[in-house]
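First comes the structure, then the notes that go with it.
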Amino acid sequence: MPDTTTLTVQDALLTLQKFWTDRGCMVVQPFNTEVGAGTMNPATILRVLGPEPWRVAYVEPSVRPDDSRYGENPNRLQTHTQFQVILKPDPGNPQELYLESLEAIGIDIRAHDIRFVEDNWAQPAIGAWGLGWEVWLDGMEITQFTYFQQVGGQNLDPVAVELTYGIERIVMALQGVTHFKDMRYAPGISYGEAFGQSEYEMSRYYLDDADIQTNRDLFDRYSAEAQRMIDARLPVPAHTYVLKSSHAFNVLDSRGAISTTERAKAFGTMRRLAREVSRLWVERREELGFPLLNAQLPPIEGRAVRPPSHGVEVDRESYAAELASLAPDVTRRLALEIGVEELPPHVVPEAIEQVRSGLTQRLGATRLPHGSVVVHGTPRRIVALVDAVAAHEPDAETLRKGPKVAAAFGPDGAPTKAAEGFARGQKVDVSELVRAEFDGVEHVAVRVHEAGRGVLEVLGSIVADVVSGLRADKNMRWSDPQLAYSRPIRWIVALWGDTVVPVEVSGLRSGRTTYGERTEAGPLIEIENADVLLPKLAERDFLLDPAVRRESVVSQATSLAASVGGVVDVEGEAALVDEITNLVEAPHGILGSFEDRYLELPEQILTTVMRKHQRYLPVRSTAGALLPHFVTMANGDCDDDLVRRGNENVLRARYEDAAFFYAADLKVPLEELRADVAKLTFEERIGSMADRADRIRDVAAALAELVGLDASEGTTLARAGQLAKFDLASQMVVELSSLAGFMAREYALKAGETPEVAAALYEMEQPRTAGGPLPASRPGALLALADRFDLLMAMFALGAKPTGSSDPFALRRAALGVIGILRSQPTLAGLTVEQGLRAAADQLRQQGLEVSAESIADAHEFVTGRFGQQLREEGVPSTLAATVQPLAGTPGKAEAALRDIAAVRGREGFAKLVEATQRITRIVPEGSPAAYDSSVLREDAERELSVAVETIPDLSGAALPAWADAAERVVPALERFFDEVLVMAEDADLRAARLGLLQTFVARAPHGIDWRALHSALAG
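Counting from 1, position 134 in the sequence shown corresponds to residue 134 in our numbering; the numbering is continuous, with no gaps.
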């Protein structure tokens, strides 16, 4: 293994090139025009299209003007070096080959913590996407690993594997330097000495000196030339000019010269050109007869392990003989392991549940006796145990239904042609038909003897169905043609006792070999019988039970934090703990530290970097103050000191980035940042983020007129409205979008804005999550409402409402936010959802967007429909939620009604009042007038009720307690009325008077209450 302390950049490049050429890859050169990533070199983006095999490896200098930092930032370069590998088709063990390549450049994969962390790659501009991972080396992303699924809008068959190594990151980690300039590029030459000048000068060009008009002209000319080449059916030069136009656009973008309209137009142009090039490339290759289909690619040699996907070939005759020899009462355990490449954390619990339900339901549909079904899982394996599985199904006799008896026999009792035909079809004599009842109707039937199947036949079919039926929110394909799942399924262990259950699913075959940690010296492990699968995995410290694994994460983190006098807020970090639990199989906690000086940055920046980028658990003092420590969970044993240093270096680099952004942002006036928001696209049909911020400001002002703010609140709202969304243009929020609102508050305070304005800008983003904190101030609440009303109304006007599980604009969350805010602010209780949507619609119309009455109604129905959902999630009984559902359009009043119900439900007489009221709503037809002619009334009981009703004032807009105070005394008169008076009298005038009397009583009760539902709630 090479000495990494002396490994230079060029050593790494030469070693990787040699490694991959030894494994059958051809070498090509970097492309001769600027590309933003090695992916855009035609050796990748075009060659992955079509059916031809392709293995290639090459260095690609990747140019990203927006990453220009004048060579000052230790980790950001406008030109960075990638090493690109394409394996088409997927060889079946690309992860193992990749790990072997790391060893080739001197990385000790047993000492380091190397992890595959979910990454869903997409470039909508070129119609391309794939699934895979970021590969982490001690917390640092060093490679992007992707199974391409689509390019240019075309599905890829075969699927190609892309490996994109970040050379600077890898070599900085290996050399132990903290600034790219300090790397040894070649013997005696540092990276800074070789390329520092070009980094500075190109940064100057991209950020300060590039002529805007020249680059606009270049973009137009390059785009036109690309189209001309497409028209000439020359995809290679066309692609070249698409890349040139893309680079010209990136230069303009780095100069801040792209407006929202220009951005949308340019993206549309580049998307169209890229798709046309892709289509044309495949057409041209087909015309040439797909020449590479005749190529004889050499086998991929090397030490890389192959997952045990081929299992064992089963001798079914010997299996049948073995089963036949077993006693009828023999039972054995079933052990099933579905081996996968690293699943995303959120998919692990879903996979466990799918396997559990799949086995339970399918076993339940058989006659095979079995015991309990237990399923656990990690990112790399789902393991199921089923105890006491019998060797055979018992035999059974069933009735197969034929025609009805009336059709099967004639009047004389002789069988008809229908009966004879049924008997013939069942290969029995008509005399063997019996009579049986099916769904209450008598039919003829035939008794059918069903021999019980053997356990291996039953289990083999069930396991195959469970494996092939696995699905996630995003599914992909790989080398196995008939399978699709979140990540590749690479092996199956299926054992009934010591016997392999024969399972074949597409190219996968079951066996008795499991797969330990890839970095082990001997990772393939033979499993003798079902009882030893779990113990053998436990020997490797794999914690299969997620609950046990989570407990280990918490215990280790707590202990490590305590060693420096700190604590981990396990409850507050619950979501992160859950994610970490399903990122590892064998959690191994490591305590890291960072320099105290970084604590001068706002805490939210530090913890966001830890959580979002690194999945670190922050360490705090017992008083809650952030300490300069963190806990990371490695996957299995490693060199703790080595891994600690690596993670500390990664965090230091990220904090340096954050400090750079923070310092740069503080130099920019808030008004300038607010103006820069115009460069951010919201949705091309409704303008920029600046247009949206203007609408939010104006909608908030319109809502403020309805609630009546005091002078101070009005001043706060006006100023916060002027600055709305300004932080979206800050470098910090561009880098860490989850800090929107937090940074608005921070930067506003630093700029001298009042604490009230800063708080309103912060609260504008609340609630951030379901059940999260809500705005505390009225200006903040109005801005938050305006934000969500604008989003909802804009998307519904554009026809972009959620469908099924698709909700790209998070409209469900926005609707729940509206409901939550209006429920939480008593002084805003009078605001209605309709008022908010109409205010938003008015602003959109002023911008030129057509907003139909139907879209307003649809948005209103959508928002109010979330009201009941929110109550259910809070544990409110369904009958109580139904009671106030008519008030869903005024959530504040609905919330008040719930409080009122809680206050009066225990009062003596209230239940009887509700019972009488709901009885009226059942009797009186909907729409009956609340008026009556008292002179028509005849009976003493109805006259008594009339007198009592007239003593009740109109409390339709009042609260329930006031209604109860006034109306409870009328209950005896109502009860007497119901006992003695026939409401639906034959005389029309009398009937109308009695109905009107009752409706008058209900009309004076608080509106918006479903009295029948309230009666049920009180009865329950």
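Glycine included, each C-beta is placed from N, C-alpha and C at the ideal position.
Where the alpha helix (DSSP H) through residue i begins and ends
| i | result |
| --- | --- |
| Arg994 | 988-1003 |
| Thr716 | 711-723 |
| Met793 | 778-797 |
| Gly1008 | No alpha helix (DSSP H) contains Gly1008, which DSSP labels as neither H nor E. |
| Tyr662 | 640-666 |
| Leu252 | 235-254 |
| Gln869 | 853-873 |
| Arg695 | 689-707 |
| Thr214 | 212-231 |
Where the beta strand (DSSP E) through residue i begins and ends
| i | result |
| --- | --- |
| Lys88 | 79-88 |
| Asn120 | 114-123 |
| Pro158 | 154-166 |
| Pro94 | Run containing Pro94: none in the beta strand (DSSP E); it sits in the alpha helix (DSSP H), 94-104. |
Rounded separation between residue i and residue j - CA only
| i | j | result |
| --- | --- | --- |
| Arg447 | Pro403 | 14 Å |
| Leu207 | Leu739 | 25 Å |
| Tyr762 | Ile105 | 48 Å |
| Ile489 | Asp66 | 38 Å |
| Val493 | Ile352 | 16 Å |
| Asn635 | Thr164 | 23 Å |
| Gln361 | Val305 | 36 Å |
| Glu595 | Tyr616 | 16 Å |
| Gln296 | Met26 | 12 Å |
| Phe796 | Gly721 | 24 Å |
| Gly289 | Val609 | 51 Å |
| Ala759 | Leu785 | 15 Å |
| Tyr598 | Arg695 | 38 Å |
| Phe180 | Pro74 | 6 Å |
| Ile462 | Val314 | 17 Å |
Cβ-Cβ distance between residue i and residue j below 8 Å
| i | j | result |
| --- | --- | --- |
| Arg788 | Val833 | no |
| Ala561 | Val500 | no |
| Val444 | Phe422 | yes |
| Arg778 | Leu828 | yes |
| Asn582 | Pro299 | no |
| Gln614 | Gly188 | no |
| Val312 | Arg512 | yes |
| Val677 | Lys750 | no |
| Val28 | Phe148 | no |
| Ile126 | Val151 | yes |
| Val949 | Leu997 | yes |
| Glu301 | Trp133 | no |
| Arg64 | Gly38 | no |
Per-residue DSSP class, three states only, for residue i
| i | result |
| --- | --- |
| Arg23 | coil |
| Trp496 | strand |
| Lys801 | coil |
| Gln847 | coil |
| Ala335 | strand |
| Tyr70 | coil |
| Met984 | coil |
| Met40 | helix |
| Asp387 | strand |
| Phe438 | strand |
| Lys427 | coil |
| Leu49 | coil |
| Met764 | coil |
| Ser738 | helix |
| His392 | strand |
| Ile382 | strand |
| Arg184 | strand |
| Ala882 | helix |
| Gly927 | coil |
Return the chain-ordered ranges of every alpha helix (DSSP H) run that is complete within the segment 548-632 and spans a minimum of 4 residues. 574-581, 603-608
Runs of 3 residues minimum, wholly inside the segment 342-368: which ones carry the beta strand (DSSP E) assignment? none
Suppose only complete runs of 3+ residues qualify. What are the beta strand (DSSP E) ranges in the segment 447-533, listed by chain order? 489-496, 513-515, 524-526
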